[in-house]
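K.L.:
Take this structure, written in structure tokens, and hold onto it; I'll ask about it next.
Protein chains in written order, with this note's numbering: chain A, 101 to 537; chain B, 101 to 537.
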């Protein structure tokens, strides 16, 4: 423990958006948060525009136009990167700080997902920590949970709702009966979604996070190239309603599993049973469900974003820097990280939900069920019904919904392609995976 | 990071019950679990009976009859205490290990709740860590979550289901419609409850755990003397059914709150709204709900006990010892821990559930409601009904259930005493608190 008379530890903060402003407020109000006894102060800051309104007074800090110069400044002890993005200024500044032997705390999921292994090697070569709790689930400590608390656990799978924007949109579609497009516009107007929502809606933000968690859970390096990503774009209100009738809720689930087939890391809309803890995480919440060999099923839920929670996570990492633990960045030193074989998606088994819109004429059910039988795909439930009132007319057809028993995805994609070719189909059939967690 | 060629780190394990046996299996199977690169081995062991059947081969380890001798042995690097109990052998051995300058990992909630501050002072004076993740929620990392991840957070309240035995009994009463006594006997036969169930059923085990969490959450020392504890003994099936009719589930909730009145740490049966995350933690699960200034509401749920999860938590602490972080045992060095004023229970406000069994005669409702008005206690809902069929006859009377608006407990206890004195009462009225979380 450090005496209170030692000099304060000086932060350089690059990126002064809402999280940066919240961090400044936190450190200004309670710079004594670290149990080590060190006092934390902000020394230098850097942002795109010096004069932008940000609800935090930065006049007392040294201003840097260049984040790399801030990262190298002899007047800072810890570099905090809140710029974002996997390349450019964020990457250059983090590399500069590590090269200068300075501990780095970042909230940048894209950077760690894309360049985690190389940055870990650099940090370990320089003997300085690189922490990124705020990169995953904002204020909810997923990174430390997997990296430290479950260090002796053999994790089998980890599945989460890791993007608050997507979760808000799905919850709001279900609640209000509005379409995806309508709710997205609302969310943009309210500031819950970006003007260009691709990173969130396309599933890439959630994918960055699950790539990081998969690395920690399975002892590997983050492997962005192996992630399969499918976003929310194809989720229709009709499917939310029909899935609800079957006892499921649709969520954008990011999942990493380890099996005899290899490691699988993927993001896609998923039907979850209504009583599953992940199904109940509504609105902008984030949630994570972990299955391990010793601990069984563990679940954590909390704020996945927001300036306050994210700044608190950055501060927790700063406290860890000051505690001085000697840990590799991931579960092993960078040169010993495993290179697990990526499971072929086509070899993975899943239960599936098929939704068809068909002409209301005799023989349709027979032709669908014959097609499934030809594919060797076994049906769990089969439901022809009137269009839900809340959805209204839909391409003039009637919906057929069926769920399958587990089958490898090769078979499922084959079946959906063949069904789509049947003459009675009015629209292309829709397939969604059903969680096996 | 340590080279793989450094000598292994040697554990002395005192206490070879189910957790000790699981730890031996874990370390034997994967002694390389620590990210520091240290290999962990077991060197010496100690238990009450050398020859007891325990499903783990201990013949390769040095045997000690005396845990204090094991704790002091020059052949161990880390002392693991799995004996249990706040005094006697466990306390003596932990003190001996710390005095000998050896890091200690313990699963002993009673020891830390009663003697945490003194042991922290000793550990800090000797410059060695004292970790106790496994003492709270078994394999679910509550201690690290509060101690490290929320270190920059101002926690307002923390409420948990921290005793799996009590939670199993309540879940089973609700499910099967059996009485408390019947389910307790079953649980004892199945090994889910001890032959002497006082520690669990009386709420003391949960109280040990919330005392520890309260210390970490509020920056104080564990203060066992300030905990108020009420166990499960008075919970009847009738109340489970009636609470269910009102939209509540009864759980044994351990809660710590900080307010202008001071700090309150208590355990008692509590009515939780059915949609509250804590209400949904069934069976032997443990769950924790934390409200903080920045992070808002956070929830974690997982296995609260069991050899595998608890041993995994002990191993995570061992990995932390090997990572060598410099942290005080609690949130501040032992001599700087705050001494928060304990809130007077009578000054705390709560909503309450009153259940009366009354003679079925005119004027009873009037006399009850007049009494409540005299006490200044405002009624939220009032329900006279037939006895639930599943409960059957009950003292020949009819139940009246009412819930109150929030009031200080002084007023609530006054009201329940006055109602109990009314001539129409057939049995003493029952009061349960309703969660305000």
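C-beta: ideal position from N, C-alpha, C; glycine also.
The structure presented is a predicted model; accordingly, all values stated were derived computationally and were not measured.
(1) For residue 535 of chain B and residue 329 of chain B, I'd like the C-alpha separation in whole angstroms.
(2) Using DSSP bridges, identify the partner residues of residue 386 of chain B.
(3) Please tell me whether residue 101 of chain B has its Cβ less than 7 Å away from any Cβ of chain A.
(4) Just checking my contact of residue 114 of chain B with residue 217 of chain B at CB under 8 Å: how many whole Å lie between their CB atoms?
(5) If distances are taken between C-alpha atoms only, which option among A:537, A:455, A:422 comes closest to residue 202 of chain A?
(6) In angstroms, rounded to a whole number, what distance separates the CA positions of residue 491 of chain A and residue 245 of chain A?
(7) Please report whether the beta-carbon of residue 226 of chain A lies at a distance below 7 Å from any beta-carbon of chain B.
(8) Measure the alpha-carbon distance for residue 466 of chain B versus residue 428 of chain B and round it to whole angstroms.
(9) On the DSSP bridge assignment, give the partners of residue 351 of chain B in chain order.
(10) Terminal residues of the continuous alpha helix (DSSP H) containing residue 444 of chain A?
(11) Would you say residue 431 of chain A reaches chain B, if we count a Cβ-Cβ gap shorter than 7 Å as a contact?
(12) Counting C-beta neighbours from all protein chains within 10 Å, is the total for residue 444 of chain A 16 or more, i.e. buried, or is it exposed?
(13) Does the distance between the C-beta of residue 288 of chain A and the nearest non-hydrogen atom of the ligand HEM fall short of 6 Å?
(14) Note down the Cα distance separating residue 173 of chain B from residue 223 of chain B, rounded to an integer number of angstroms.
(15) Roughly how many whole angstroms lie between the Cα atoms of residue 388 of chain A and residue 400 of chain B?
(16) By Cβ distance, which residues of its chain are closer than 6 Å to residue 408 of chain A, with the 5 residues on each side in sequence left out?
(17) May I have the straight-line CA-CA distance separating residue 532 of chain A from residue 486 of chain B, to the nearest angstrom?
(18) From what residue to what residue does the beta strand (DSSP E) around residue 471 of chain B run?
(19) Say whether chain B places a C-beta atom closer than 7 Å to the C-beta of residue 401 of chain A.
(20) Identify the continuous beta strand (DSSP E) that holds residue 143 of chain A and give its terminal residues.
(21) Residues in the same chain with beta-carbon distance under 6 Å from residue 320 of chain A, minus the five sequence neighbours each way, listed in chain order, please.
(22) Between residue 524 of chain B and residue 470 of chain B, which are expected to be in contact by the criterion C-beta below 8 Å, what is the C-beta distance as a whole number of angstroms?
(23) Using C-beta distances below 7 Å, list every residue in its chain close to residue 475 of chain A, excluding the 5 sequence neighbours before and after it, in chain order.
(24) Could you check the C-alpha separation between residue 522 of chain B and residue 473 of chain B for me, to the nearest Å?
(25) Step through the CB atoms of chain E and report whether any lies within less than 7 Å of the CB of residue 396 of chain B.
(26) List, in chain order, every chain B residue whose beta-carbon is nearer than 8 Å to that of residue 240 of chain A.
(27) What residues in its chain sit with their C-beta under 6 Å from that of residue 302 of chain B, if we drop five residues either side in the sequence?
(28) Per DSSP, what are the beta-bridge partners of residue 392 of chain B in this structure?
(29) For a cutoff of 7 Å on Cβ pairs, would you count residue 252 of chain B as touching chain A?
(30) Under the assumption that residue 133 of chain B contacts residue 251 of chain A (Cβ atoms under 8 Å), give the Cβ distance between them as a whole number of angstroms.
(31) Is the region 306-317 of chain A touching the region 254-265 of chain A, taking contact as three or more C-beta pairs under 8 Å?
(32) If we cut at 7 Å on Cβ distances, does residue 244 of chain A have a partner in chain B?
(33) Helix, strand or coil for residue 499 of chain B, going by three-state DSSP, please let me know.
(34) When burial is assigned at 16 or more other CB atoms within 10 Å of the CB, is residue 128 of chain A buried or exposed?
(35) Beta-carbon within less than 8 Å of residue 435 of chain B's beta-carbon, same chain only, minus the 5 sequence neighbours each way: which residues are those?
(36) Starting from residue 480 of chain A and walking both ways along the beta strand (DSSP E), at which residues does that stretch end?
P.N.:
Let's see:
(1) In the second chain, residue 535 of chain B corresponds to position 435, counting from 1. In the second chain, residue 329 of chain B corresponds to position 229, counting from 1. Their Cα atoms are separated by approximately 16 Å.
(2) What you label residue 386 of chain B is simply residue 286 of the second chain in a count that begins at 1. Per DSSP, B:402.
(3) Translated into the one-based positions of the second chain, residue 101 of chain B becomes position 1. Low local confidence applies: a pLDDT of 49 at residue 101 of chain B is under 50, so the model's placement there is unreliable, with the coordinate-based value given in what follows. Interface residue, yes.
(4) As a first step, residue 114 of chain B must be located in the second chain, where it is residue number 14. As a first step, residue 217 of chain B must be located in the second chain, where it is residue number 117. 22 Å between Cβ atoms; not a contact.
(5) Residue 202 of chain A sits at position 102 when you count from the first residue of the first chain. Residue 202 of chain A has its Cα closest to that of A:422, out of A:537, A:455, A:422.
(6) Residue numbering aside, residue 491 of chain A sits at position 391 when the first chain is read from its first letter. Residue numbering aside, residue 245 of chain A sits at position 145 when the first chain is read from its first letter. When rounded, the separation of the alpha-carbon atoms in residue 491 of chain A and residue 245 of chain A is 42 Å.
(7) Locating residue 226 of chain A in the first chain gives position 126, where the first residue counts as 1. Using a CB distance cut-off of 7 Å, residue 226 of chain A does not count as an interface residue toward chain B.
(8) Translated into positions along the second chain, residue 466 of chain B becomes position 366. Translated into positions along the second chain, residue 428 of chain B becomes position 328. Pairing residue 466 of chain B with residue 428 of chain B, the inter-Cα distance amounts to about 59 Å.
(9) In the second chain, the residue the question calls residue 351 of chain B occupies position 251. Bridge partners of residue 351 of chain B: B:370.
(10) Looking up residue 444 of chain A in the first chain gives position 344. First-last for residue 444 of chain A: undefined, no H or E at that position.
(11) By 1-based counting over the first chain, the position of residue 431 of chain A is 331. By this cut-off, residue 431 of chain A is an interface position.
(12) On the first chain, residue 444 of chain A is found 344 positions in, with the first residue counted as 1. Exposed, by the Cβ-count rule.
(13) Here there are no bound small molecules, and the ligand HEM is not part of this structure.
(14) Counted from its first residue, the second chain places residue 173 of chain B at position 73. Counted from its first residue, the second chain places residue 223 of chain B at position 123. Spanning the alpha carbons of residue 173 of chain B and residue 223 of chain B requires a straight line of approximately 17 Å.
(15) By one-based count along the first chain, residue 388 of chain A stands at place 288. By one-based count along the second chain, residue 400 of chain B stands at place 300. Their Cα atoms are separated by approximately 9 Å.
(16) Here the question's residue 408 of chain A lines up with position 308 in the first chain. If we look at residue 408 of chain A and ignore the five residues flanking it on each side, its Cβ neighbours are 122.
(17) By 1-based counting over the first chain, the position of residue 532 of chain A is 432. By 1-based counting over the second chain, the position of residue 486 of chain B is 386. In a straight line, the C-alpha of residue 532 of chain A is about 48 Å away from that of residue 486 of chain B.
(18) Within the second chain, numbered from 1, the residue matching residue 471 of chain B stands at position 371. From DSSP, residue 471 of chain B is part of no beta strand (DSSP E) but of the alpha helix (DSSP H) over 464-475.
(19) Counting from 1 along the first chain, the entry for residue 401 of chain A is found at position 301. So, interface residue.
(20) Residue numbering aside, residue 143 of chain A sits at position 43 when the first chain is read from its first letter. It spans 140-146 - the beta strand (DSSP E) in which residue 143 of chain A sits, taken as one unbroken run.
(21) As a position in the first chain, residue 320 of chain A is number 220, starting the count at 1. Excluding residues within five positions, the ones whose Cβ falls inside 6 Å are 437, 438, 440.
(22) The residue labelled residue 524 of chain B in the question sits at position 424 within the second chain. The residue labelled residue 470 of chain B in the question sits at position 370 within the second chain. The distance from the Cβ of residue 524 of chain B to that of residue 470 of chain B is about 12 Å, inconsistent with a contact at the 8 Å cut-off.
(23) The count along the first chain starts at 1 and reaches residue 475 of chain A at position 375. These residues qualify, in order along the chain: 511, 514, 515, 518.
(24) In the second chain, residue 522 of chain B corresponds to position 422, counting from 1. In the second chain, residue 473 of chain B corresponds to position 373, counting from 1. Their Cα atoms are separated by approximately 14 Å.
(25) Of the chains in the structure shown, none is chain E; the protein chains are A and B.
(26) To locate residue 240 of chain A, count along the first chain from 1; it is residue 140. Per Cβ cutoff of 8 Å: 395, 398.
(27) Within the second chain, the letter at position 202 stands for residue 302 of chain B. These residues qualify, in order along the chain: 331.
(28) As a position in the second chain, residue 392 of chain B is number 292, starting the count at 1. Per DSSP, the beta-bridge partners of residue 392 of chain B are B:255, B:396.
(29) Locating residue 252 of chain B in the second chain gives position 152, counting from the first residue. Judged by the 7 Å Cβ criterion, residue 252 of chain B is in contact with chain A.
(30) On the second chain, residue 133 of chain B is found 33 positions in, with the first residue counted as 1. On the first chain, residue 251 of chain A is found 151 positions in, with the first residue counted as 1. The C-beta distance from residue 133 of chain B to residue 251 of chain A rounds to 6 Å, short enough to fall under 8 Å.
(31) They touch, by the three-pair rule.
(32) Within the first chain, residue 244 of chain A is the residue found at index 144, counting from 1. Answer yes: the Cβ-Cβ gap between residue 244 of chain A and chain B drops below 7 Å somewhere.
(33) Indexing the second chain from 1 puts residue 499 of chain B at position 399. The answer is strand: DSSP assigns residue 499 of chain B an E or B state.
(34) Walking along the first chain from the start, residue 128 of chain A turns up at place 28. Residue 128 of chain A is exposed by the Cβ-count criterion.
(35) Counting from one through the second chain, the residue named residue 435 of chain B turns up at place 335. Contacts found: 221.
(36) Numbered from 1 along the first chain, position 380 holds the residue referred to as residue 480 of chain A. Counting along the chain, residue 480 of chain A sits inside the beta strand (DSSP E) bounded by residues 479-484.
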